[in-house]
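Undergrad:
2 protein chains.
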Amino acid sequence: MSKEDEITSWFARQSRLDPKRFPIGIGDDMAEIQLAEGVSVLITTDTLMDGVHFDLSSCTLEQAGYKAMAASLSDCAAMATVPLCAVAAVSLPTDFGIEHLKQLHAGRVRAGEPFDCEVVGGDITKWRHPEGKLVLCYTMLSRPSGHHPPVRRSGAQVGDLICVTGTLGGSILGKHLEFVPRVREALEMTRLARIHSMMDITDGLSTDLNRICTQSGVGALLEAEAVPISEAARRMPDPLEAALNDGEDFELLFTLREDQWEKLKGFSMVPLTVIGRITDSRRMQIRMPDGRVEPLVPRGYDHL
Amino acid sequence: MSKEDEITSWFARQSRLDPKRFPIGIGDDMAEIQLAEGVSVLITTDTLMDGVHFDLSSCTLEQAGYKAMAASLSDCAAMATVPLCAVAAVSLPTDFGIEHLKQLHAGRVRAGEPFDCEVVGGDITKWRHPEGKLVLCYTMLSRPSGHHPPVRRSGAQVGDLICVTGTLGGSILGKHLEFVPRVREALEMTRLARIHSMMDITDGLSTDLNRICTQSGVGALLEAEAVPISEAARRMPDPLEAALNDGEDFELLFTLREDQWEKLKGFSMVPLTVIGRITDSRRMQIRMPDGRVEPLVPRGYDHL
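Protein chains in written order, with the numbering used here: chain A, 96 to 399; chain B, 96 to 399.
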């Protein structure tokens, strides 16, 4: 278990949330708050820092603003919920002015507009020391779709097919700044089929699949030859390794019964690929191209 | 107008929020999202940074966690709304570990527990450069009280009395780390009386009163002798100046009609003081102890 997952599960154990008021608490892509009979709202918060999640020496402020908003939208997609709005808190370097803020704003508008998701408030503060770097903390609200409950990480069942959208790996070569969050795809998939568990791949397939397995109390067997490797990953020294462990793919990882998979056969918004199956072993394994079955070790990004 | 207010109003002008979906948008203490007939939720986000809002060389992590949570609760108080829950995003220095996170957690529990307000989710990231300092970004949800609509900054009316809770100034000497957010007081005041406008004093009375005046399209005349000066401010070189311009009092500033003020006569949770009156002049003025009326210049904290 990564250090991040260790502390997250410590926080989850501390928390004594009333499940009637908070149907989904710590440890999922979003938390859910029940406000009235049949009315709930979901919330996610994410911090993006210069030098960690983006690098202002090689990307624009507009791109950083885009990425922050798109990353939050990707959390809405991960639960198959409908984005409502966001608030944006920014910590600015000392030499930042209003023009810099307007560039950030342009990026978040570009990310949010296709999903009718606006920024409704925020907070602006400035570092006092010259080394202080840009921090973007965006928090987003969404609502259940109405046709499918929010999809959790913990719902995977033995025998489920494991699937992903798109292709994986090498996001650092460009996609991490320009990905389109899979909001529409998630809503359409859950309109067509019942999905047992889902999340977006932010820290690498191996690490994120481990989260689904741990939270669902199940194991997994991946087929190495089935993993859809991106063009970018093919330019890396070990393309399979990149597809398994690179962070920030922002694709969807989900599991569902075989009969539900049949309902997604005509799905055309993005390629969907079956990459393995949920097992009762409580271990993660991968069948390599030569037929050997090896342990699949979570080697994705650990934030701590 | 401060640089912060300048950019906030630029953002507000850019925003094309549908007032049916978003009854309160950019520029107030919280934004309001309408989710269903009669069901809405409010949201506020705040960033607190080491070296700006707290200083880890002279305060504990527990105190920093307390302050971050209490500052968000103070925004709920500012609108007289009921806190629901928070999400916490933290950016950690490179030498931070799980024990540090547990200290932050202890502080936010101490702040939230009296208000039944728990953290339901969050995000943890770590700086990669050794100069990276702690950033706490807390986002809180609240709901309308049911007995009084959320109180906005823009509702002040000519002839209103201008009032404050508690005493002002010198918060830097200690109160800024240990204040109790005025959530209960705000809810009780709005149960007893109709309040036209309200906010919490975070950037100094002069600057925050200017926000109420600007957003309400009115002026104000303060009575210097009526301003309740804190014990801490009395230890400053110019106590009145401290009470007018020091930030982080986290007291409530509100305006109401004289007949509504009568209804607060027996209020005992915290001292309430009338410090002036809303005028139709669109200017802020202050009557000094010698009787001279001078311009009241917003000299509080500007975050930009």
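A virtual CB, placed ideally from N, CA and C, is assigned to each residue, including glycine.
Using a beta-carbon distance below 7 Å, is Val147(B) in contact with chain A?
TA: Yes, Val147(B) counts as interfacial toward chain A.
Undergrad: Could you run through the region 198-225 of chain A and flag, in chain order, every residue whose CB is less than 9 Å away from some CB of chain B?
TA: Residues His200, Val204, Glu213, Val214, Val215, Gly216, Gly217, Asp218, Ile219, Thr220, Lys221, Trp222, Arg223, His224.
Undergrad: Just to confirm, are Ala172(B) and Pro276(B) a CB contact at a threshold of 7 Å?
TA: Yes. Within cutoff.
Undergrad: Assuming Ile307(B) is part of the alpha helix (DSSP H), what are its boundary residues?
TA: Element bounds for Ile307(B): 300-311.
Undergrad: Anything in chain B within Cβ reach of Arg394(A), meaning under 8 Å, just list it in chain order.
TA: Here the premise fails: no neighbours, minimum Cβ distance about 18 Å.
Undergrad: So, for Glu366(A): in the same chain, excluding its five sequence neighbours on each side, which residues have a beta-carbon less than 8 Å away from its beta-carbon?
TA: Looking at the sequence shown, residue 366(A) is not Glu but Pro. Thr260, Gly261, Thr262, Pro323.
Undergrad: Per DSSP, which one or two residues make a beta bridge with Leu143(A)?
TA: Leu143(A) pairs with Leu231(A).
Undergrad: What first and last residue would you give for the beta strand (DSSP E) that runs through Lys221(A)?
TA: Segment 213-221, the beta strand (DSSP E) holding Lys221(A).
Undergrad: Taking the C-alpha atoms as reference points, what is the distance between Asp295(A) and Cys258(A)?
TA: When rounded, the distance between both Cα atoms is 12 Å.
Undergrad: Helix, strand or coil: how does DSSP classify Phe349(A) here?
TA: Correct three-state label for Phe349(A): strand.
Undergrad: Find the nearest neighbour of Ala165(B) within the set Ser186(B), Leu130(B), Leu231(B), judged by alpha-carbon distance.
TA: It is Leu231(B).
Undergrad: For Pro390(A), does the count of other Cβ atoms within 10 angstroms reach 16, so buried, or fall short, so exposed?
TA: Per the 10 Å Cβ criterion, exposed.
Undergrad: The alpha helix (DSSP H) that contains Arg205(B), what's its start and end?
TA: 193-207 is the span of the alpha helix (DSSP H), which, as asked, contains Arg205(B).
Undergrad: Work out the CA separation of Arg372(A) and Lys115(B) for me, nearest whole Å.
TA: Distance between the alpha carbons of Lys115(B) and Arg372(A) is about 46 Å.
Undergrad: Please confirm whether Val230(B) has its beta-carbon closer than 7 Å to some beta-carbon of chain A.
TA: Output row for Val230(B): interface = yes.
Undergrad: Are the C-beta of Thr297(A) and some C-beta of chain B separated by less than 7 Å?
TA: Not an interface residue.
Undergrad: Evaluate Asp341(A) with the Cβ neighbour count: other Cβ atoms within 10 Å of its Cβ, from every protein chain shown; 16 or more gives buried, anything less gives exposed.
TA: Buried, by the Cβ-count rule.
Undergrad: If I measure Cβ to Cβ from Glu213(A) and keep anything under 7 Å in the same chain, skipping five residues before and after, which residues do I get?
TA: Correct list, in chain order: Cys180, Gly207.
Undergrad: Against chain B, with Cβ distances strictly below 7 Å, would Ile102(A) count as a contact?
TA: Judged by the 7 Å Cβ criterion, Ile102(A) is in contact with chain B.
Undergrad: Are the region 175-189 of chain B and the region 297-306 of chain B touching, with three or more C-beta to C-beta distances below 8 Å?
TA: These segments do not touch.
Undergrad: Kindly list, in the order they appear in chain A, the residues whose Cβ is closer than 9 Å to that of Gly120(B).
TA: Glu213, Val215, Gly216, listed in chain order.
Undergrad: Here's the rule: buried if 16 or more other CB atoms are within 10 angstroms of the residue's CB, otherwise exposed. What is Pro384(A)?
TA: The residue is exposed, with fewer than 16 neighbouring Cβ atoms inside 10 Å.
Undergrad: Could you tell me which chain A residues have their CB closer than 8 Å to the CB of Arg238(B), listed as they occur along the chain?
TA: Those are Leu130, listed as they occur along chain A.
Undergrad: Should Met235(A) be labelled buried (16 or more other beta-carbon atoms within 10 Å of its own) or exposed?
TA: Label assigned to Met235(A): buried.
Undergrad: Just by C-beta distance, which residues in the region 176-191 of chain A are closer than 7 Å to chain B?
TA: Listed by position along the chain: Leu179, Cys180, Val182, Ala184, Ser186.
Undergrad: Going by C-alpha to C-alpha distance, which of Ser97(B), Ala159(B), Lys228(B), Glu99(B) sits closest to Thr189(B)?
TA: Out of Ser97(B), Ala159(B), Lys228(B), Glu99(B), Lys228(B) has the C-alpha closest to the C-alpha of Thr189(B).
Undergrad: Would DSSP call Gly269(A) helix, strand or coil?
TA: Looking at Gly269(A) - three-state DSSP - the assignment turns out to be coil, as it is neither helix nor strand.
Undergrad: Counting only runs of 4+ residues fully inside the region 111-172 of chain A, write out the alpha helix (DSSP H) ranges in chain order.
TA: Runs found: none.
Undergrad: Would you say Thr350(A) and Ser292(A) are within 7 Å of each other, going by their C-beta atoms?
TA: The answer is yes: Cβ separation under 7 Å.
Undergrad: Could one say the Cβ of Thr302(B) lies closer than 7 Å to chain A's Cβ atoms, at least one of them?
TA: Answer no: the Cβ-Cβ gap between Thr302(B) and chain A never drops below 7 Å.
Undergrad: Tell me the rounded alpha-carbon separation between Lys360(A) and Ala288(A).
TA: About 10 Å.
Undergrad: Find out if the Cβ-Cβ distance for the pair Arg203(B), Gly160(B) is shorter than 7 Å.
TA: Taking 7 Å as the Cβ cut-off, Arg203(B) and Gly160(B) qualify as a contacting pair.
Undergrad: Over the uninterrupted alpha helix (DSSP H) stretch that includes Glu336(B), give me the two end residues.
TA: From DSSP, the alpha helix (DSSP H) with Glu336(B) extends over 334-340.
Undergrad: Quick one: which chain B residues come within Cβ less than 9 Å of Pro163(A)?
TA: The residue you asked about is not Pro; residue 163(A) is Ala in the sequence shown. Neighbours of Ala163(A) on chain B: none; closest Cβ ~11 Å, over 9 Å.
Undergrad: List the whole-angstrom C-beta distance separating Thr220(A) from Leu187(A), where the pair is believed to meet the contact cut-off of C-beta under 8 Å.
TA: Rounded, the Cβ-Cβ distance is 7 Å, consistent with contact.
Undergrad: Taking the beta strand (DSSP E) that Thr374(B) belongs to, which residues open and close that run?
TA: Per DSSP, Thr374(B) belongs to the beta strand (DSSP E) from 367-374.
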